[in-house]
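Novice: My questions all concern the structure below.
Number of protein chains: 2
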Amino acid sequence: MRVTYADIAAAHERIKGAARRTPVLTSSSADALIGAELFFKCENLQRMGAFKFRGAYNALSQLGPEERKRGVLAFSSGNHAQAVALAGKLLGIKTLIVMPENAPKVKLDATRGYGAEVVTYGKDEERETVAARLAKERGMVTIPPFNHPHIVAGQGTAAKELLEDAGALDMLVVPCGGAGLLSGCAVATRHLAPQCHIVGVEPAAGDDVTQSFRAGKIVTIAVPDTIADGARTTAPGSVTFPLVQRYVNEMATVTDEELLPAMFWLWERMKIVVEPTGALAFAALVTKKVKAKGRVGVVLSGGNVDLRWAAAQFGKH
Amino acid sequence: MRVTYADIAAAHERIKGAARRTPVLTSSSADALIGAELFFKCENLQRMGAFKFRGAYNALSQLGPEERKRGVLAFSSGNHAQAVALAGKLLGIKTLIVMPENAPKVKLDATRGYGAEVVTYGKDEERETVAARLAKERGMVTIPPFNHPHIVAGQGTAAKELLEDAGALDMLVVPCGGAGLLSGCAVATRHLAPQCHIVGVEPAAGDDVTQSFRAGKIVTIAVPDTIADGARTTAPGSVTFPLVQRYVNEMATVTDEELLPAMFWLWERMKIVVEPTGALAFAALVTKKVKAKGRVGVVLSGGNVDLRWAAAQFGKH
Chain A
32 MRVTYADIAA AHERIKGAAR RTPVLTSSSA DALIGAELFF KCENLQRMGA FKFRGAYNAL
92 SQLGPEERKR GVLAFSSGNH AQAVALAGKL LGIKTLIVMP ENAPKVKLDA TRGYGAEVVT
152 YGKDEERETV AARLAKERGM VTIPPFNHPH IVAGQGTAAK ELLEDAGALD MLVVPCGGAG
212 LLSGCAVATR HLAPQCHIVG VEPAAGDDVT QSFRAGKIVT IAVPDTIADG ARTTAPGSVT
272 FPLVQRYVNE MATVTDEELL PAMFWLWERM KIVVEPTGAL AFAALVTKKV KAKGRVGVVL
332 SGGNVDLRWA AAQFGKH
Chain B
32 MRVTYADIAA AHERIKGAAR RTPVLTSSSA DALIGAELFF KCENLQRMGA FKFRGAYNAL
92 SQLGPEERKR GVLAFSSGNH AQAVALAGKL LGIKTLIVMP ENAPKVKLDA TRGYGAEVVT
152 YGKDEERETV AARLAKERGM VTIPPFNHPH IVAGQGTAAK ELLEDAGALD MLVVPCGGAG
212 LLSGCAVATR HLAPQCHIVG VEPAAGDDVT QSFRAGKIVT IAVPDTIADG ARTTAPGSVT
272 FPLVQRYVNE MATVTDEELL PAMFWLWERM KIVVEPTGAL AFAALVTKKV KAKGRVGVVL
332 SGGNVDLRWA AAQFGKH
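Going down the list, the sequences are from chains A and B. Okay, so the first sequence: first residue is 32 according to this note's numbering, each after it adds one. Okay, so the second sequence: first residue is 32 according to this note's numbering, each after it adds one.
See the structure below:
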């Protein structure tokens, strides 16, 4: 279950034409603010608004004919749901997404908009139980949100593109939930830029990977309460964690209070809409939780944010 | 005072390395909404957040040593001010910006942040009078916001890049204030894609170019009241209008009420911050004021919007 650079290069070939090669933006204002030369990999401008499409498309396109016929299932109320739905639509694979019944209507609609069937579950039911029952009943393949080598390899293509487009980097800073993006980017970066200092950033309330990284073993936390909804994971996985241990140099965290102004700075100064999770890496640089040096790659992982929510937050921040 | 494609090609060489080659984004959601294949030229991601930097840099870099020493003056409370200030900073030319004393503090600060001296005038004074007096006193060259061949040629580089990056276009839709951007883009496009249908879009309240286009002569209107603050012009100029007459196929207008939802659609679905003026062209397509056909270039001219204002508007729209 190891993931190597060859897996990422193969994933990159597979997703070509389907995933977007997202732009790498620079900003002299950001450079002045941080005191380093920053290269922003804009996965908020990826299809469906987040890097998740890379991994989902890479995973679905490797299914055999029999599995494709049966279809795939994912449980997520976030970007993974839309990523699997869109990848399925493009590949002609039926998709079933399991979501909590109280998921925002905008997310239910968006996922259905990509052609997925959505099944909701009540607050008295366990998501895993519902998903397992449905997968068994329908004989569908479950696509996990991060803990799978095909998902990790797909996410790693973001760092491959960034290094190809920005050139050598001294440091790479990546948002971290279950570490699918972080571990994939770490594999690609360690191969292409061996000396690069690789940092993962989590919300302070959801520091499962940071705790695990420091303990040297997987630590499980309670479901975290954070505005970084893409990083509400309770533990890294058996695929992602060994890669983090092997290739990542540093883990850092930022609080929601630190995250929000950094996020709006990106909106106001760089003219891009970034979701809270997507702004984690940049927030760590703004707050000096991570000390930037030289040429720094900053992954902005997604831009799926409810503008109504953002408008309300803006009034408060 | 004609502007030719050769002027635009020369301007493009001049601004290389200083101006950004902004990305051309695509969106399957936008294509589905409009029923055409759209290519968004993202000048909101240009330096200082708008296309204005292209023209300002092109104009300032053509000043002689004597003029450079004396410095330049511009009157603007908007993107032109920041464009001239930044171009001056990069070229080592002193800049003086004349702004109304009630201009938003954020704009005063941003302009000063680029190193410009800012002089404000009260509501009892005429902007032109103040500017003319200062220009005379200090011997400075005035850089007009749109009605100058060097400004027009600089703005035309946006369409040149768009056509180079997107390939052949059947239609090009461009926001229009004083028609600096529109006329420059029209010159470039008529040369590179002779059959392309070229459309300018104004706010309904500020339809000076549309009225002039239809009347076949320059029509002057009262200072318009519109949220599209980059298009509050009262008349096209002696340089821009003949180019509009010669090369533009169609003019259209959208109301502020039509503009706002189209602008927020770009924020929410394409994850980019676009200012009201910047969303004019897209709004005309959304509302079918302009009927899209085939491969359509859409210029998003800028992204300088006060988030506090936008958050308040979002609650209302």
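Glycine included, every Cβ here is placed at the ideal spot set by N, Cα and C.
Could you name the residues of chain B that N75 (chain A) contacts, counting a contact when the two beta carbons are closer than 7 Å?
Specialist: K302
Novice: So which residues of chain B does G334 (chain A) contact, with C-beta pairs closer than 8 Å?
Specialist: K302
Novice: Using a Cβ-Cβ cut-off of 8 Å (strictly less than) and excluding sequence neighbours within five positions of I128 (chain A), which residues of its own chain qualify?
Specialist: L104, A105, F106, S107, A112, V115, A116, T142, A147, E148, V149, V150
Novice: Cβ closer than 7 Å: which chain A residues qualify as neighbours of P206 (chain B)?
Specialist: Near P206 (chain B) there are no residues of chain A at all, since even the closest Cβ is about 15 Å away, more than 7 Å.
Novice: Please identify, using Cβ separations under 7 Å, the residues of the region 124 to 149 of chain B that lie next to chain A, in order along the chain.
Specialist: none
Novice: Tell me where the beta strand (DSSP E) around T220 (chain A) begins and ends.
Specialist: Looking at the DSSP string, T220 (chain A) is not in any beta strand (DSSP E); the run it does join, the alpha helix (DSSP H), is 211 to 223.
Novice: Consult DSSP for M202 (chain B) and reduce its assignment to one of helix, strand or coil.
Specialist: strand
Novice: Residues of chain B with a CB under 7 Å from the CB of G346 (chain A): which are they?
Specialist: When 7 Å is used as the limit between beta carbons, G346 (chain A) is near these residues of chain B: A342, in chain order.
Novice: Could you have a look at L94 (chain A) and say whether DSSP puts it in helix, strand or coil?
Specialist: coil
Novice: Secondary structure at I252 (chain B), three-state DSSP: helix, strand or coil?
Specialist: coil
Novice: What residues in the region 253 to 276 of chain A have a beta carbon less than 7 Å from any beta carbon of chain B?
Specialist: none
Novice: Just verifying my parser: in three-state terms, what is the DSSP assignment at H181 (chain A)?
Specialist: helix
Novice: In chain B, which residues lie with their C-beta within 7 Å of the C-beta of G80 (chain A)?
Specialist: K302
Novice: Under 8 Å, Cβ to Cβ, is there at least one residue of chain A near P54 (chain B)?
Specialist: yes
Novice: Determine, for T311 (chain B), whether the minimum Cβ-Cβ distance to residues of chain A falls below 8 Å.
Specialist: The question names Thr, but residue 311 (chain B) is Leu in the sequence shown. Taking Cβ atoms only, chain A never reaches closer than 8 Å to L311 (chain B), which makes this a no.
Novice: Locate the beta strand (DSSP E) running through M282 (chain A), then write down its first and last residues.
Specialist: 281 to 285
Novice: I'd like to know if E299 (chain A) contacts chain B, where contact means its C-beta is closer than 8 Å to some C-beta of that chain.
Specialist: yes
Novice: When DSSP labels each residue in this structure, what does Y152 (chain A) get in the three-state scheme?
Specialist: strand
Novice: Quick one: complete beta strand (DSSP E) runs, 3+ long, within the region 260 to 338 of chain B?
Specialist: 281 to 285, 326 to 331
Novice: Who are P131 (chain A)'s beta bridge partners in DSSP?
Specialist: Partner residues in the beta bridge of P131 (chain A), as assigned by DSSP, are A:Y152.
Novice: So is L338 (chain A) in contact with chain B if we call contact Cβ pairs under 8 Å?
Specialist: The Cβ of L338 (chain A) sits closer than 8 Å to at least one Cβ of chain B.
Novice: Please tell me whether P234 (chain A) and A312 (chain A) are closer than 8 Å, where the distance is taken between their beta carbons.
Specialist: no
Novice: Tell me, which residues are paired with Y231 (chain B) by DSSP?
Specialist: The question names Tyr, yet the displayed sequence has Gly at residue 231 (chain B). DSSP, once it has assigned bridges, lists B:V205, B:M282 as partnering G231 (chain B).
Novice: What separation, rounded to the nearest whole angstrom, lies between the Cα atoms of L212 (chain A) and A210 (chain B)?
Specialist: 45 Å
Novice: Measure the C-alpha to C-alpha separation of T257 (chain B) and N178 (chain A) and round it to an integer number of angstroms.
Specialist: 51 Å
Novice: DSSP on T126 (chain B), reduced to helix/strand/coil?
Specialist: strand
Novice: By DSSP, does A105 (chain B) sit in helix, in strand, or in coil?
Specialist: strand
Novice: Spell out whether any CB of chain A is found under 8 Å from the CB atom of F84 (chain B).
Specialist: no
Novice: Does the Cβ-Cβ distance between I229 (chain B) and G86 (chain B) come in under 8 Å?
Specialist: no
Novice: Using a Cβ-Cβ cut-off of less than 8 Å, list which residues of the region 99 to 113 of chain B approach chain A; keep chain order.
Specialist: none
Novice: Please decide whether F70 (chain B) counts as near chain A, where near means a Cβ-Cβ distance under 8 Å.
Specialist: no
Novice: Given D201 (chain B), which residues of its chain have a CB within under 8 Å of its CB, disregarding the five upstream and five downstream residues?
Specialist: Q226, C227, H228, K324, G325, R326, V327
Novice: Label S269 (chain A) either buried or exposed according to how many other C-beta atoms from any shown protein chain fall within 10 Å of its C-beta, with 16 as the threshold for buried.
Specialist: exposed
Novice: Return the first residue and the last residue of the beta strand (DSSP E) that K138 (chain A) is part of.
Specialist: Counting along the chain, K138 (chain A) falls outside any beta strand (DSSP E), though it belongs to the alpha helix (DSSP H) covering 136 to 144.
Novice: Please report the distance separating the alpha-carbon of E195 (chain B) from that of T188 (chain B).
Specialist: 10 Å
Novice: Round the Cβ separation of Q77 (chain A) and F71 (chain A) to the nearest angstrom and send it over; I've been treating them as touching at under 8 Å.
Specialist: Not a contact, Cβ separation roughly 13 Å.
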